[in-house]
Amino acid sequence: MVSPVLSRIAVRASRQLGRQRASFGPRTIVRAASSKHPNGFVPPTQEDLTELRDRVQEFTRREITEEFAAKVDRENEFPPEMWQKLGEAGFLGITVEEDHGGLAMGYQAHCVVMEELSRASASIALSYAAHSQLCVNQIRLHGTTQQTEKYLPGLVSGTAVGALAMSEHGAGSDVVSMTTTAKEVDGGYILNGSKMWITNGPDANYIVVYAKTDPKAGSKGMTAFIVETKDDSGKVAKGFSVAQKLDKLGMRGSNTGELVFDNVFVPKENVLGQLNRGVKVLMSGLDLERLVLSAGPLGIMRACMDISLPYTHTRKQFGTPIAFNQLLQGKLADMYTAYLTASSLTYTIAAAVDNGTPAHFLTPHSLFPTAENLESDSRDPSVKSQDCAAAILYAAENATKCALDAIQCLGGTGYVNEVAAGRLLRDAKLYEIGAGTSEIRRVIIGRTFNHMYAGKATAKAQ
Ligand SMILES: Cc1cc2nc3c(=O)[nH]c(=O)nc-3n(C[C@H](O)[C@H](O)[C@H](O)COP(=O)(O)OP(=O)(O)OC[C@H]3O[C@@H](n4cnc5c(N)ncnc54)[C@H](O)[C@@H]3O)c2cc1C
Numbered sequence: 014m015v016s017p018v019l020s021r022i023a024v025r026a027s028r029q030l031g032r033q034r035a036s037f038g039p040r041t042i043v044r045a046a047s048s049k050h051p052n053g054f055v056p057p058t059q060e061d062l063t064e065l066r067d068r069v070q071e072f073t074r075r076e077i078t079e080e081f082a083a084k085v086d087r088e089n090e091f092p093p094e095m096w097q098k099l100g101e102a103g104f105l106g107i108t109v110e111e112d113h114g115g116l117a118m119g120y121q122a123h124c125v126v127m128e129e130l131s132r133a134s135a136s137i138a139l140s141y142a143a144h145s146q147l148c149v150n151q152i153r154l155h156g157t158t159q160q161t162e163k164y165l166p167g168l169v170s171g172t173a174v175g176a177l178a179m180s181e182h183g184a185g186s187d188v189v190s191m192t193t194t195a196k197e198v199d200g201g202y203i204l205n206g207s208k209m210w211i212t213n214g215p216d217a218n219y220i221v222v223y224a225k226t227d228p229k230a231g232s233k234g235m236t237a238f239i240v241e242t243k244d245d246s247g248k249v250a251k252g253f254s255v256a257q258k259l260d261k262l263g264m265r266g267s268n269t270g271e272l273v274f275d276n277v278f279v280p281k282e283n284v285l286g287q288l289n290r291g292v293k294v295l296m297s298g299l300d301l302e303r304l305v306l307s308a309g310p311l312g313i314m315r316a317c318m319d320i321s322l323p324y325t326h327t328r329k330q331f332g333t334p335i336a337f338n339q340l341l342q343g344k345l346a347d348m349y350t351a352y353l354t355a356s357s358l359t360y361t362i363a364a365a366v367d368n369g370t371p372a373h374f375l376t377p378h379s380l381f382p383t384a385e386n387l388e389s390d391s392r393d394p395s396v397k398s399q400d401c402a403a404a405i406l407y408a409a410e411n412a413t414k415c416a417l418d419a420i421q422c423l424g425g426t427g428y429v430n431e432v433a434a435g436r437l438l439r440d441a442k443l444y445e446i447g448a449g450t451s452e453i454r455r456v457i458i459g460r461t462f463n464h465m466y467a468g469k470a471t472a473k474a475q
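In this text, residue positions in the sequence shown follow this note's numbering: the first is 14, and each later residue adds one.
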C-alpha cells in the first residue's frame, strides 16, 4: 500500500512536473479538526509521522551534514539555495493546502520537520520556522483567497522567502506597545517605523508586518499587513531597508535584521485579517509559533545526545569508558529523560491541535469546570495558550541544560569549537528568549490560573 506521506509528496511532485494528479486510496475522514487546518484535513497517523521523520533525516544526511552546519555557523550566512531544496522536499508548506503546493499534514508533522532540521542545524531550522510557520502559516490562516493564491505558491516552493515582524527596539515582551504606524492613504497605507530582531528579515520577499492603524486605541488599533519587501529580481521596495544584520551569540547563519520602513506604501488588499484586529492575528499566531518552535529545542537535545553518547562510550579514563562512571551516567540519563518529557509534551499538544480535541491533562474544563471555563474551551477546544507556552518553556530550558551537560561530558573536547557542543549551547539559549521569553511564558501560564480562580478582572489587573 502506498503510504499517505509518500502519496502527498508524490502528488505534489507530479504537480510540479505537470503530470496528472496521482490517485490514492480512500482515507478515513475523521473530521476537519480545528479551525487551524485546511478544510477536510485528516490528522496524520503515527506511521505517516514516522515516515516523514525518515524523509527529513534522509534530507539532513544529504543536505545538512555536520561540516555544513559548522560552516553556516562560522560564516554566519544562511545558504540561499537551501530555500529551494526545502521547497522541493515539500517541507515549506507542511500546514498548507495541497492546492497551494503544501502537504496539509498539520502541526505534529510540522514539529517533526522542525525537530529533525534543528538536530542537524538549529540556525537553518530557526529560519525555516520563521518562514514556514510565522509567515506561511499566518498567511494561510488569515489570508483572503486572493492573498493565499498570490503568496503561498512561491513561499511553499522556496522561490520566495518569508518573515514576520512584530518586535521593535522598545517593544519586545510588551509587543503591543509597538510604535510602527500605518496611515491610511488613497488605495492603501503608508508604513513608518522600524522592527528589530527579525529572522529572515535581510532576505525576505514577503514580510507579515504589524503596525498601528489607530495608535490611540492600543491593542484595538493594530493591523497585520503582507509587505512585499523584495521582488523576484531582488529589487527592494521603495522606502524599505535593512539597517543592520545582527551579529548574534548563536543561531548564526539564521539571518536576523533590523528593518526600517520609511514611507513604505502597502496596497489595501494586503491587509492580513481585519483592520484594527491585528492583535487577534498576532496572538493566535504566537500560540502555534510557540508550539512548532518547541520542536527546535527538542532537536538540539537530540543533537546533544548524538554527540555525548558515542563520545562517552569511546573516551577512556582510568581504564574504562567514561560512560561507565555513574556521575556521567546521571548526566546522560537526565538528558534522555528531559528529551522524552519535553517531546511527549510537545507532541501531545500538537496532536490535540491536529485532532481538534483538548489535551486531556490540562484544560480549564477538566480542572475547574466553571461556566466561564466551559465557554472558553468551546471557543477553540484544541489550542491552549498555556499549553503552547508550557511546551516551549520546558523544552527550551532543558535544551540549554542538555547542551551544558554535553559540554561537561566531553570535557576539554567539548570546550573546543571543532565539536558542535558549544554551538548547541549558543543556539539553545535563543529559545529562552525568542517567541516570548521564559518569564513571559510563565506569566501566560500563571494568568490562566488567575483567570480560573479569580475571574478576568483580577487577572487583567496584574
Ligand atoms: C535571534 C532572535 C530572533 C528573533 N526573531 C524574531 C522575529 O522573527 N520576529 C519578531 O517579531 N521578533 C523576533 N525576535 C524578538 C523576540 O521575540 C524578543 O527578543 C522577545 O520577545 C523579548 O523581547 P526583548 O528582547 O525586547 O526583551 P525585554 O522585553 O526587554 O525583556 C528583557 C528581560 O525582561 C524580562 N521581562 C520583560 N517583561 C517582563 C514581565 N512582565 N515579567 C517578567 N519578566 C519580564 C524578560 O523575560 C527578559 O528576561 C527575535 C529575537 C531573537 C534574539
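For each residue, glycine too, the CB sits at the ideal point set by N, CA and C. This structure is a prediction, so every number in the text was calculated from the model and none was measured.
Anticipated Cβ contact below 8 Å, residue i with residue j, distance rounded
i	j	result
Ala416	Ile313	7 Å
Leu358	Ala419	The Cβ separation is near 21 Å, so there is no contact.
Ala224	Val294	Their Cβ separation, rounded to whole angstroms, is 12 Å, which puts Ala224 and Val294 out of contact at 8 Å.
Thr162	Thr73	A small fix is needed here, since residue 162 is Glu in this sequence, not Thr. That pair is no contact at about 32 Å.
Asn549	Gly234	One cannot answer for residue 549 here, as it falls past the ends of the chain, which runs 14 to 475.
Ala441	Thr413	5 Å
Straight-line Cα distance separating residue j from residue i
i	j	result
Tyr444	Tyr352	15 Å
Tyr324	Leu423	7 Å
Phe253	Gln121	36 Å
Pro39	Thr78	Low per-residue confidence applies at Pro39: pLDDT is 33, beneath 50, and the placement is therefore not dependable, though the value from the model is reported in the following sentence. Computed Cα separation, rounded: 38 Å.
Glu60	Met191	44 Å
Phe81	Thr193	38 Å
Val169	Gly115	7 Å
Val277	Val222	12 Å
Ala364	Gly231	35 Å
Leu62	Tyr466	38 Å
Thr450	Gly332	45 Å
Arg132	Met318	10 Å
His464	Lys397	14 Å
Ala117	Arg303	19 Å
Ile203	Pro228	14 Å
Gly459	Phe274	36 Å
Val149	Leu165	7 Å
Leu65	Asp245	31 Å
Phe54	Val126	18 Å
Ala355	Glu197	45 Å
Gly291	Asp187	15 Å
Gly185	Ile457	15 Å
Asn482	Lys344	A query on residue 482 cannot be resolved here, the shown segment of the chain reaching from 14 to 475 and no further.
Leu147	Leu301	9 Å
Reduced DSSP secondary structure (H/G/I, E/B, other) of residue i
i	result
Arg87	helix
Arg455	helix
Ile405	helix
Ser180	coil
Leu295	helix
Pro92	coil
Gly115	coil
Thr354	helix
Gly247	coil
Asp418	helix
Pro334	strand
Arg290	strand
Val55	coil
Phe37	Note that Phe37 scores a pLDDT of 27, beneath 50, so its modelled location is shaky and nothing firm can be said.
Met318	helix
Asp362	It should be noted that the sequence gives Ile, not Asp, for residue 362. Ile362 falls in the helix class under three-state DSSP.
Leu262	coil
Glu241	strand
Proximal residues to residue i (C-beta, below 6 Å), its chain only, five neighbours per side dropped
i	result
Glu76	Lys98
Ile220	Ala176, Ala178, Val240 and Thr242
Gln257	Glu271
Ser307	Thr359, Ala404, Ile405 and Ala408
Ser145	Leu105
Arg455	none
Val189	Ser232
Asn283	Phe238 and Ile239
Ala143	Ala176, Thr212 and Asn213
Ala102	Phe72
Arg315	Arg132
Spatial neighbours of residue i in its chain, beta-carbon cut-off 7 Å, leaving aside the 5 residues before and after
i	result
Glu90	Gly266
Tyr360	Gln121 and Cys124
Ser86	The residue asked about is misnamed: residue 86 is Asp in this sequence, not Ser. Closer than 7 Å at the Cβ level, and outside the excluded window around Asp86, lie Ser136, Arg265, Gly266 and Arg436.
Met96	A small fix is needed here, since residue 96 is Trp in this sequence, not Met. Hits under 7 Å: Gly171 and Val174.
His326	Pro334 and Ala336
Minimum Cβ-Cβ distance from residue i to chain C less than 8 Å
i	result
Glu241	Chain labels in this structure do not include chain C; a single protein chain is all it has.
Quick test of the definition: if touching needs 3 or more C-beta pairs under 8 Å, does the segment 282-302 touch the segment 147-167?
In short, these stretches touch, since the Cβ pair count reaches three.
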